[in-house]
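Chains as they are written, first to last, in this note's numbering: chain A, 8 to 405; chain B, 2 to 83. Worksheet: the structure to be examined is printed underneath.
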Amino acid sequence: MEARQMRTILHLDMNSYFATAEQQANPWLRGRPVGIIKAEGRGCVIAASVEAKKFGVSTGCTAWEAKRLCPWITLVASDMDKYFALTQRLISLVKDYSPSVEIFSIDEMFADVTESQAKFCGGALEIALEMKQRIKQGLGEWMRCSVGISFSKLIAKLASEMQKPDGLTWLTLENYLEKTASVKVEEVCGIGRSRTALLHGLGVKTLGEARMRQLPRTVEDLVWLRVFEPVKEIEDLEPAKSVSRTYTTFKTVNSKYEVLKLVRNLVEEAAAKLREMGMGGRTVWLKLSGENEAFWVRRTINNPSDDPLVIYDILSGEFEKRPVSGVRFAGVGVGNLIFNYQLPIFKNRKELLGAVDKVNEKFGLFTVYPARLCGSELIRPEVTGFLGDKWYRFSGVK
Amino acid sequence: MQIVNELVGINVRFGGGVVLPIGFDWRGRYYVVQRVTMTFERKNGGRRYLCFIAETAGMLAELAMDRESLIWRLGKCEPSCT
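This is the structure we're talking about:
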């Protein structure tokens, strides 16, 4: 291994983040099985507490299934403001130990401590222990994290997953192959569904077994953990390539009018996000999943736009050509994004949208909204832990 | 937690560079804050609220301070044993 590749990377993973944050906020929930659902009435568990996981409740379970597996589970509606505030605090805490921090998702981050570890007499190990202590002091005594230390991001991430919750694992150049031999192949970041299927097809379940096989180069690099990507800071990330918004309805939407209303709502939201980011897009798409049929369309326009009316006109026009009913899921997206796009100069849409944005910024999104959306509950933005927009969201965090 | 969003009278302590609620008046009763389990910020439009999850005897309360007007509200609450 070349010397330039030998870094000391620390991976910090908050354990059952959303559920633990709710347990931190509400002491009565501590030590009890908790499932986080998106909102009251929604049927899918988006995070489960350590206690709930012991009963087999996991992310993606339906609320019904969670109740069946663990009848005394408490389902709590998610509160993203809370989680983001904790993440912001976590980022500034980790940045005290390294200038090079990669925010991998809302509850995971990498820190390159190769240089800064020299400032601590116990090196990276002391940094990790101090971080864990400060997380308890700064975020709350119930907040726990697992830390993995190694010489690459891939191995540090695997290390942090080896001891949960509240673990600390160091994989060195000498022991990493031996310690990871029994790790399941699908646990490696980069081995997704198709690669797992390929390996399982060969009768391979663990990294140790995979290492005894002749495999395609890219898969072989992953099973031998030979991927050495640098830590990417927010400044190194690229701006968003697309903006999309999806929604699963509470009940089946049958009428064409209601389907188009739903689409308009999602388009308004996606376009507002585009304007917030100062970007416009050329490719627009719409996906609808009905009970018996699905609808999918993608169109590319000549001039990039952030105008919801332009986007909606294209999508609704396509929908009118072959409408579907019984809709349970809708998704709209805008791709091919660029900055500094030119809006039509002979229309006053730019001023109008600017005024709408100003009002909505001051009084909240959808204070002003199209008349078409009147008379029903508005769908408002939801944020997930994936953080597809982290470049935009965290670029101000120093 | 149930949304309440009502004005409250508040006692706070300034110390160690932070502000912490120590008790509040709501609907004719005074609640002593036993501990603050979490602080965070909420945004609603252009307004920012500093929120405190406060544990009292019998109630978990989300107290919100409007950072512009310094008005305190009981944003949400729930009995602490539900």
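By construction, the Cβ of each residue, glycine as well, lies at the ideal position given by its N, Cα and C atoms. These figures come from a predicted structure and were not determined experimentally.
Nearest to residue i (by Cα), restricted to the options the options
{"i": "serine 249 of chain A", "options": "A:Ala378, A:Tyr90, A:Met116, A:Lys280", "result": "A:Lys280"}
{"i": "lysine 74 of chain A", "options": "A:Ala92, A:Cys51, A:Asp88", "result": "A:Cys51"}
{"i": "glutamate 276 of chain A", "options": "A:Ala70, A:Leu360, A:Arg356", "result": "A:Leu360"}
{"i": "leucine 232 of chain A", "options": "A:Cys196, A:Lys357, A:Pro223, A:Leu209", "result": "A:Cys196"}
{"i": "glycine 215 of chain A", "options": "A:Glu193, A:Thr203, A:Ala188", "result": "A:Ala188"}
{"i": "lysine 294 of chain A", "options": "A:Gly287, A:Gly288, A:Phe302", "result": "A:Phe302"}
{"i": "arginine 28 of chain B", "options": "B:Leu71, B:Pro80, B:Glu7", "result": "B:Glu7"}
{"i": "glutamate 185 of chain A", "options": "A:Ile162, A:Gly174, A:Lys171", "result": "A:Ile162"}
{"i": "aspartate 20 of chain A", "options": "A:Gly42, A:Thr94, A:Gly130, A:Ser296", "result": "A:Thr94"}
{"i": "arginine 48 of chain B", "options": "B:Ile54, B:Gly18, B:Arg14, B:Ser70", "result": "B:Ser70"}
{"i": "phenylalanine 160 of chain A", "options": "A:Leu209, A:Glu109, A:Glu193, A:Leu132", "result": "Looking at the sequence shown, residue 160 of chain A is not phenylalanine but lysine. Lysine 160 of chain A has its Cα closest to that of A:Glu109, out of A:Leu209, A:Glu109, A:Glu193, A:Leu132."}
{"i": "tyrosine 50 of chain B", "options": "B:Val20, B:Trp73, B:Pro80", "result": "B:Trp73"}
{"i": "tryptophan 149 of chain A", "options": "A:Glu29, A:Thr290, A:Cys77", "result": "A:Glu29"}
{"i": "threonine 27 of chain A", "options": "B:Met39, B:Gly76, B:Leu21", "result": "B:Met39"}
Range of the contiguous alpha helix (DSSP H) that encloses residue i
{"i": "tryptophan 71 of chain A", "result": "70–76"}
{"i": "leucine 359 of chain A", "result": "356–370"}
{"i": "serine 201 of chain A", "result": "200–208"}
{"i": "lysine 160 of chain A", "result": "160–169"}
{"i": "leucine 19 of chain A", "result": "That residue, leucine 19 of chain A, is in no alpha helix (DSSP H); its beta strand (DSSP E) goes 16–21."}
{"i": "glycine 215 of chain A", "result": "214–217"}
{"i": "leucine 136 of chain A", "result": "130–145"}
Simplified DSSP state of residue i, which is helix, strand or coil
{"i": "threonine 176 of chain A", "result": "strand"}
{"i": "isoleucine 80 of chain A", "result": "coil"}
{"i": "tryptophan 35 of chain A", "result": "helix"}
{"i": "lysine 405 of chain A", "result": "Here lysine 405 of chain A scores only 36 on pLDDT, less than 50, and its place in the model should not be relied on; the value that follows carries that caveat. Of the three classes helix, strand and coil, the one that applies to lysine 405 of chain A here is coil, per DSSP."}
{"i": "aspartate 228 of chain A", "result": "helix"}
{"i": "arginine 282 of chain A", "result": "helix"}
{"i": "tyrosine 319 of chain A", "result": "helix"}
{"i": "leucine 385 of chain A", "result": "coil"}
{"i": "alanine 10 of chain A", "result": "The predicted position of alanine 10 of chain A is uncertain, since its pLDDT is 48 and thus under 50; a value taken from the coordinates is nonetheless stated next. Helix, per DSSP."}
{"i": "methionine 39 of chain B", "result": "strand"}
{"i": "glutamine 3 of chain B", "result": "strand"}
{"i": "asparagine 272 of chain A", "result": "helix"}
{"i": "glutamate 236 of chain A", "result": "coil"}
{"i": "tyrosine 32 of chain B", "result": "strand"}
{"i": "leucine 75 of chain B", "result": "strand"}
{"i": "valine 266 of chain A", "result": "helix"}
{"i": "lysine 44 of chain B", "result": "strand"}
{"i": "arginine 379 of chain A", "result": "helix"}
{"i": "phenylalanine 127 of chain A", "result": "coil"}
CA-to-CA distance, residue j to residue i, given in whole angstroms
{"i": "aspartate 243 of chain A", "j": "methionine 219 of chain A", "result": "37 Å"}
{"i": "aspartate 103 of chain A", "j": "threonine 256 of chain A", "result": "43 Å"}
{"i": "phenylalanine 111 of chain A", "j": "phenylalanine 117 of chain A", "result": "7 Å"}
{"i": "tryptophan 79 of chain A", "j": "lysine 239 of chain A", "result": "42 Å"}
{"i": "arginine 202 of chain A", "j": "valine 211 of chain A", "result": "11 Å"}
{"i": "arginine 39 of chain A", "j": "methionine 284 of chain A", "result": "40 Å"}
{"i": "aspartate 313 of chain A", "j": "tryptophan 177 of chain A", "result": "48 Å"}
{"i": "glutamate 298 of chain A", "j": "glutamate 265 of chain A", "result": "16 Å"}
{"i": "methionine 138 of chain A", "j": "valine 101 of chain A", "result": "7 Å"}
{"i": "threonine 179 of chain A", "j": "serine 99 of chain A", "result": "27 Å"}
{"i": "lysine 405 of chain A", "j": "glutamate 47 of chain A", "result": "Residue placement at lysine 405 of chain A is poorly supported in this model, since its pLDDT is 36, which falls under 50; the coordinates still yield a value, given next. Computed Cα separation, rounded: 35 Å."}
{"i": "serine 23 of chain A", "j": "asparagine 309 of chain A", "result": "45 Å"}
{"i": "asparagine 355 of chain A", "j": "isoleucine 318 of chain A", "result": "17 Å"}
{"i": "isoleucine 6 of chain A", "j": "leucine 97 of chain A", "result": "Because chain A spans 8 through 405 in this model, residue 6 of chain A falls outside it and cannot be assessed."}
{"i": "lysine 61 of chain A", "j": "alanine 65 of chain B", "result": "35 Å"}
{"i": "alanine 54 of chain A", "j": "isoleucine 43 of chain A", "result": "5 Å"}
{"i": "valine 154 of chain A", "j": "tyrosine 183 of chain A", "result": "15 Å"}
{"i": "valine 260 of chain A", "j": "aspartate 228 of chain A", "result": "47 Å"}
{"i": "valine 331 of chain A", "j": "glutamate 300 of chain A", "result": "7 Å"}
{"i": "arginine 36 of chain B", "j": "threonine 57 of chain B", "result": "7 Å"}
{"i": "phenylalanine 373 of chain A", "j": "arginine 379 of chain A", "result": "12 Å"}
{"i": "threonine 69 of chain A", "j": "methionine 13 of chain A", "result": "44 Å"}
{"i": "valine 270 of chain A", "j": "lysine 258 of chain A", "result": "15 Å"}
For residue i, the first and last residue of its enclosing beta strand (DSSP E)
{"i": "glutamate 63 of chain B", "result": "60–67"}
{"i": "alanine 301 of chain A", "result": "301–312"}
{"i": "methionine 5 of chain A", "result": "Since the first residue shown for chain A is 8 and the last is 405, residue 5 of chain A is missing from the structure and cannot be characterised."}
{"i": "methionine 116 of chain A", "result": "115–119"}
{"i": "aspartate 26 of chain B", "result": "19–27"}
{"i": "phenylalanine 91 of chain A", "result": "Element bounds for phenylalanine 91 of chain A: not the beta strand (DSSP E) but the alpha helix (DSSP H), 87–101."}
{"i": "lysine 258 of chain A", "result": "250–260"}
Proximal residues of chain A, C-beta to C-beta of residue i below 9 Å
{"i": "glycine 76 of chain B", "result": "Residues of chain A passing the Cβ test: none, with the nearest at roughly 11 Å."}
{"i": "asparagine 45 of chain B", "result": "Phe370, Gly371"}
{"i": "glutamate 42 of chain B", "result": "Asp88, Phe91, Ala92, Gln95"}
Proximal residues of chain B, C-beta to C-beta of residue i below 9 Å
{"i": "proline 34 of chain A", "result": "Arg36, Thr38, Glu56, Leu61, Ser81"}
Under 7 Å from the C-beta of residue i: neighbouring residues of chain A
{"i": "phenylalanine 15 of chain B", "result": "Within chain A, no residue comes near phenylalanine 15 of chain B; the closest Cβ sits about 19 Å away, beyond 7 Å."}
Where residue i meets chain A, residues with beta-carbon distance less than 8 Å
{"i": "phenylalanine 53 of chain B", "result": "By Cβ distance, chain A contributes nothing, its closest Cβ being about 10 Å from phenylalanine 53 of chain B, past 8 Å."}
Interface partners of residue i on chain B, CB under 7 Å
{"i": "glutamine 31 of chain A", "result": "Thr38, Met39"}
{"i": "glycine 147 of chain A", "result": "Thr38, Met39"}
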